[in-house]
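Using the working numbering, the letters of the sequence shown map in sequence onto residues 52 to 335.
Beta carbons: idealized from backbone N, C-alpha and C, even for Gly.
Please read these numbers as outputs of a predicted model, since none were measured by experiment.
Worksheet for the structure shown next.
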Amino acid sequence: MPLAILEKIENISSIPTLPTVIERLTRLLQNPKTSAEEVGKAITTDQALASKVLKLVNSAFYGFPGRISTITHAIVILGFSTVKNVVLTASIFDAFRNKGEGTSAFNLEDFWLHSIACGAASLSIAKQLGSNEKEECFIAGLIHDIGKIILCQYMPQEFNFAVDQSRKNSQLFYETEKKLFDSTHEEVGGYLTERWNLPMDLQNAVKLHHNPQPSHDHYMITAIVHCADIFVRALDYGNSGDDLIPMISDQVWKNLGLDNVDLVSLIENIHDEIEKASVFIQLT
Ligand SMILES: [Fe+2]
Ligand SMILES: [Fe+2]
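As structure tokens, then:
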């Protein structure tokens, strides 16, 4: 009997929320008259968040020479949209990082390494393809498997059983979930992104990363995350519950034009980008 996973998850009231500053920022950024000071003020109402944002913008990941010492300064240098993305990333991280314990079968450190690597690889692919949605690709890659964290935290027995079964049967984790629960971490993560009111491109990438379809909106971001997930498994960065490397969808490969990409330099860039993104590992 498949368990009604989503129904259970929907009834859990303790699932983390995103800080209210995200909503306030979204509103502020919709108004073209909003100034850098106003946005800076909104972010600094949450001091812990503001200091994480400063830590990130001063890291090798953003690569700006010289020190950015205030949020307003960060906005002037990086622009509204980048700062909003940094705030969003830091908030999502805050909601989950260092919370929960993982299980014997599912190591949280390995999970976050997989997630950060997937974000960095998504960014690399987006850069290589000349996409203008690079930051969105990074966040989408970072949160693509967020449903697993929810399952691990709130349904540890069922989740552990699925991880064990997947290993025992050498079956991809999402196939095992489908078989056992008739539902997957994509749906659970997708539900969370809806509950958090995240932009549609992020919602779709989380919901469809194992099976991107060109007919869906924001296909390119989802397709990039699909590839990045598989690249970082193949390159052995972290672990997200199974040890298998799925096939990249032929259609995705063709649609992204990966035949025309220098794969050696892409892989090199992925390694570099993952190295730079290691600041996220220390982001507590
Ligand atoms: Fe996944
Ligand atoms: Fe993954």
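Item, Value
"Relative to ligand 3, what is the chain-ordered list of residues with a Cβ closer than 5 angstroms to any of its non-hydrogen atoms?", "Of the ligands one can find in the structure shown, namely ligand 1 and ligand 2, none is ligand 3."
"When you measure from the CB of E237 to every non-hydrogen atom of ligand 1, does any distance come out below 7 angstroms?", "yes"
"If you measure from the CB of Y205, is any heavy atom of ligand 1 nearer than 7 angstroms?", "no"
"N211: which of L253, A141, L69 and D293 sits nearest, CA to CA?", "D293"
"Between E61 and E238, what straight-line distance do the alpha-carbon atoms span, to the nearest angstrom?", "11 angstroms"
"Could you check how far apart the C-beta atoms of V134 and I126 are, in whole angstroms? I think they sit under 8 angstroms.", "5 angstroms"
"If contacts are defined as beta-carbon pairs under 8 angstroms, then K106 and M206 qualify, I think. What distance do you get, rounded to the angstrom?", "Not really, about 33 angstroms apart at Cβ, beyond 8 angstroms."
"For a test of the three-state rule: what should DSSP assign to L105, helix, strand or coil?", "helix"
"Rounded to whole angstroms, what is the Cα-Cα separation between V330 and I63?", "32 angstroms"
"Count the other CB atoms, across all protein chains shown, that sit within 10 Å of the CB of S316; report buried if there are 16 or more and exposed otherwise.", "exposed"
"Confirm the yes/no value for this check: CB of Y242, any heavy atom of ligand 1, distance under 7 angstroms.", "no"
"When the Cα of L309 is compared with those of I275, A171 and I190, which residue comes out closest?", "I275"
"Are there any heavy atoms of ligand 1 lying less than 7 angstroms away from the beta-carbon of Y225, as far as the coordinates show?", "yes"
"May I ask you to check if the CB of H261 is nearer than 7 angstroms to at least one heavy atom of ligand 1?", "yes"
"Excluding five sequence neighbours on each side, which residues of the same chain lie with their C-beta closer than 6 angstroms to the C-beta of G240?", "I197, G198 and V257"
"In terms of alpha-carbon separation, which member of P265, N290, K327 and E152 lies closest to R218?", "N290"
"Return the chain-ordered list of same chain residues with a C-beta closer than 7 angstroms to the C-beta of C203, the five sequence neighbours on each side being excluded.", "G151, G153, T154, F157 and F210"
"Measuring alpha carbon to alpha carbon, tell me which of L307, E324, L286 and E245 ends up nearest L57.", "E245"
"Verify whether the separation of the beta carbon atoms of P265 and H277 is less than 8 angstroms.", "no"
"Would you mind sorting A55 into buried or exposed? The rule is 16 or more other CB atoms within 10 Å of its CB.", "exposed"
"Use the C-beta contact count for T140: other C-beta atoms within 10 angstroms, 16 or more gives buried, fewer gives exposed.", "buried"
"Within 10 angstroms of the Cβ of G181, are there 16 or more other Cβ atoms? Answer buried if so, exposed if not.", "exposed"
"Only counting the same chain, and skipping five residues up and downstream in sequence, which positions put a Cβ closer than 6 angstroms to that of S65?", "none"
"Just mark K103 as buried or exposed, buried being the case when its beta carbon has 16 or more other beta carbons within 10 Å.", "buried"
"Hey, would you say V90 sits closer than 8 angstroms to F131, going by beta carbons?", "yes"
"So is D301 buried or exposed if we call it buried at 16+ other beta carbons inside 10 Å?", "exposed"
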